[in-house]
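Peer 1: Quick note: the sequence shown uses our numbering, first residue 20, plus one each step.
For every residue, glycine included, the Cβ atom is placed at its ideal position computed from N, Cα and C.
Since this is a predicted model, take the numbers as computed values, not measurements.
I'd like to ask you about the structure that follows.
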Amino acid sequence: MQNVAHRFLKYVKYETTSNENSSKCPSTNGQMAFAKDLASELKAIGLTDVSVDENGYVMATIPSNVDRKIPVVGFISHMDTSPDMSGKNVNPQIIENYDGKDIILNKDKNIVLSPSDFPELKDYIGKTLITTDGTTLLGADDKAGIAEIVTACEYIMSHPEIKHGTIKVCFTPDEEIGRGADKFDVKKFGADFAYTIDGGKLGELEYENFNAASAKIIIHGRNVHPGTAKGKMKNSVLIGVELASMLPLEETPENTEGYEGFYHINNFNGNVEETHMYYIIRDFDKENFENRKNYLLNLINKLNEKYGEGTVEIDLKDQYYNMREIIEKDMSIVEIALKAIEKAGVKPDVSPIRGGTDGARLSYMGLSTPNIFTGGHNFHGKYEYIPTFAMEKAVEVILNIVKIVAEKSKS
């Protein structure tokens with residue numbers, strides 16, 4: 020059986036960065052190439068009903084090996100990596116028996132993974148870490164999740180003494196650009212409930228997430244020669260800066276934590292004539308979420324009153340909602356995950372997702388889907404790393420869930 024870390028190291032070599040400017044699904048060809056190879060691997064392991072649809076969704080089944088009725092459980096991870104940093108030519112480094120000191124990721128560029136910046140590194144002294152080489156992201160989000168699911172599937176197929184019900188697996192495209200559930204066929208998948216293996220550090224279990232919206236803003240200026248601009252020029256860059264300054268500075272990602280929401284300016288590009296801004300809006304509380312959106316809309320109305328109607332345009336769209344509203348109706352699937360994590364000798368860390376997963380939208384599509392750790396840290400950037408023992412624990416948790424679900428059906 021292939022070691023989960025070896026499998027992960029193989030997967031990160033695939034370039035699967037998603038592209039929000041593409042209208043295709045999957046948004047990049049690399050994801051489809053990866054999907055086809057994953058399907059071949061699942062077939063080789065012995066899974067049935069293996070398919071890759073025209074949108075790049077990989078689905079497969081491990082049939083039940085008992086004759087009693089057991090709920091169908093699903094496991095889901097996404098194939099794409101974040102466009103925040105390059106995922107091309109990923110060159111992972113293996114740090115064995117980590118000594119708790121600085122890790123030189125890239126000597127030439129003076130890029131260092133240091134416990135002074137990331138103190139949780141100290142938790143992994145003596146463990147094996149997989150890091151980047153400082154020039155790309157690693158791709159643990161979410162190729163670690165895929166490696167963990169596939170490894171668990173291989174173990175189940177090679178150990179028929181493990182009694183289980185029907186198990187479903189799906190690998191999705193374009194989660195990082197908010198489209199992972201867009202074309203997910205819940206009926207075809209056929210699970211009663213599922214888990215995304217898409218969380219972070221060891222022990223994480225999440226069943227609540229942000230309510231999320233995006234705001235694309237275009238500011239129309241008027242360019243006039245600066246020597247004769249008085250009373251005529253309308254500088255769209257300055258209007259954009261004014262808008263940004265009107266939002267509360269303390270309500271940004273770098274100043275919030277836990278259940279606190281925020282406004283986040285992700286892009287700002289422009290000149291005197293035209294400026295483009297891209298915001299994301301996040302809040303756990305539905306009422307606060309609506310208030311945030313309305314607050315931004317009111318600011319734009321004020322700017323249009325000041326600078327002329329049509330100066331500032333906004334395209335405000337909801338992206339996903341807090342899955343807690345769905346999952347708390349039946350907390351048994353969270354209890355199963357908690358027991359599975361504890362059974363693996365890991366302390367559960369139940370916390371809200373300060374972001375979103377496919378599971379957030381799937382829960383509103385009729386498939387309740389909490390999120391479980393992969394073991395990774397510092398996703399989406401060059402400081403990303405993952406301890407190999409945490410990946411092994413994630414595999415153990417998946418196996419424990421399968422066993423617990425089967426055991427519960429006896430009662």
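Could you tell me if glutamate 195 is buried or exposed, where buried requires 16 or more neighbouring beta carbons within 10 angstroms of its beta carbon?
Peer 2: Buried.
Peer 1: Taking Cβ positions, are isoleucine 186 and valine 92 nearer each other than 8 Å?
Peer 2: Yes; because the gap between Cβ atoms is below 8 Å, this pair is in contact.
Peer 1: Leaving out the 5 sequence neighbours to the left and right, which residues in its chain are closer than 7 Å to alanine 171 when beta-carbon positions are compared?
Peer 2: So the list reads Val414, Ile417 and Leu418, once near-sequence residues are dropped.
Peer 1: Using the Cα positions of aspartate 193 and valine 77, report the straight-line distance between them to the nearest angstrom.
Peer 2: Distance between the alpha carbons of aspartate 193 and valine 77: 13 Å.
Peer 1: So aspartate 152 and serine 133 are supposed to be a Cβ contact under 8 Å. How far apart are they, rounded?
Peer 2: Not confirmed; about 16 Å, so no contact.
Peer 1: Quick one: is leucine 344 buried, meaning 16 or more other Cβ sit within 10 Å of its Cβ, or exposed?
Peer 2: Correcting the residue identity first, residue 344 is glutamate in this sequence and not leucine. Its Cβ having fewer than 16 others within 10 Å, glutamate 344 is exposed.
Peer 1: Drop a sphere of 10 angstroms on the beta-carbon of methionine 342, count the other beta-carbons inside from all chains shown, and report buried for 16 or more, exposed for fewer.
Peer 2: It counts as buried.
Peer 1: Should the stretch 102-110 be called in touch with the stretch 150-166, which here means at least 3 C-beta pairs below 8 Å?
Peer 2: In short, these stretches touch, since the Cβ pair count reaches three.
Peer 1: Please classify aspartate 118: is it buried, with 16 or more other beta-carbons within 10 angstroms of its beta-carbon, or exposed?
Peer 2: Per the 10 Å Cβ criterion, exposed.
Peer 1: If the criterion is Cβ atoms closer than 8 Å, does the pair arginine 373 and phenylalanine 212 meet it?
Peer 2: Taking 8 Å as the Cβ cut-off, arginine 373 and phenylalanine 212 do not qualify as a contacting pair.
Peer 1: Bridge partners for aspartate 368 per DSSP, in chain order?
Peer 2: In DSSP, aspartate 368 forms a bridge with Glu223.
Peer 1: Within 10 angstroms of the Cβ of serine 37, are there 16 or more other Cβ atoms? Answer buried if so, exposed if not.
Peer 2: Classification for serine 37: buried.
Peer 1: Measure the Cβ-Cβ separation of leucine 156 and methionine 104 and say whether it is below 8 Å.
Peer 2: Going by C-beta atoms, leucine 156 is nearer than 8 Å to methionine 104.
Peer 1: What does the alpha-carbon distance come out to for the pair tyrosine 278 and valine 85?
Peer 2: Near 43 Å, if we compare the C-alpha coordinates of valine 85 and tyrosine 278.
Peer 1: Could you name the residues of the same chain whose beta carbon sits closer than 7 Å to that of aspartate 312, not counting the 5 residues immediately before and after it, in chain order?
Peer 2: Looking at the sequence itself, residue 312 is lysine, so the reference to aspartate does not match. Within the same chain, lysine 312 has close Cβ partners Ala232, Ile300 and Leu335.
Peer 1: Could you check how far apart the C-beta atoms of glutamate 293 and isoleucine 237 are, in whole angstroms? I think they sit under 8 Å.
Peer 2: Glutamate 293 to isoleucine 237, Cβ: 7 Å. Contact.
Peer 1: For alanine 200, which of Leu221, Ile165 and Cys44 has the nearest alpha-carbon?
Peer 2: The option with the nearest alpha carbon to alanine 200 is Cys44.
Peer 1: Looking at the structure shown, is methionine 265 part of a helix, part of a strand, or coil, going by DSSP?
Peer 2: Note: methionine 265 maps to helix in three-state DSSP.
Peer 1: Over what stretch of residues does the beta strand (DSSP E) that includes phenylalanine 94 continue unbroken?
Peer 2: 92-97 is the span of the beta strand (DSSP E), which, as asked, contains phenylalanine 94.
Peer 1: What separation, rounded to the nearest whole angstrom, lies between the Cα atoms of isoleucine 181 and isoleucine 175?
Peer 2: When rounded, the distance between both Cα atoms is 7 Å.
Peer 1: Helix, strand or coil for aspartate 103? Go by DSSP, reduced to three states.
Peer 2: It is coil, neither helix nor strand.
Peer 1: If contacts are defined as beta-carbon pairs under 8 Å, then proline 389 and isoleucine 346 qualify, I think. What distance do you get, rounded to the angstrom?
Peer 2: That belief holds up - the Cβ atoms of proline 389 and isoleucine 346 are roughly 6 Å apart, short of 8 Å.
Peer 1: Taking buried to mean at least 16 other C-beta atoms within 10 Å of its own C-beta, is lysine 25 buried or exposed?
Peer 2: First, the residue type needs correcting, since residue 25 is histidine and not lysine in the sequence shown. So histidine 25 counts as exposed.
Peer 1: Classify arginine 198 as buried or exposed, calling it buried when 16 or more other Cβ atoms lie within 10 Å of its own Cβ.
Peer 2: Arginine 198 comes out buried.
Peer 1: Please list the terminal residues of the continuous beta strand (DSSP E) segment that includes alanine 248.
Peer 2: Run containing alanine 248: none; DSSP gives neither H nor E here.
Peer 1: Going by C-alpha distance, which of Asp68, Phe408 and Asp136 is nearest alanine 363?
Peer 2: Among Asp68, Phe408 and Asp136, the Cα nearest to that of alanine 363 belongs to Phe408.
Peer 1: Classify methionine 350 as buried or exposed, calling it buried when 16 or more other Cβ atoms lie within 10 Å of its own Cβ.
Peer 2: Exposed, because fewer than 16 other Cβ atoms sit within 10 Å of the Cβ of methionine 350.
Peer 1: Is the beta carbon of histidine 239 closer than 8 Å to that of serine 264?
Peer 2: No. Outside cutoff.
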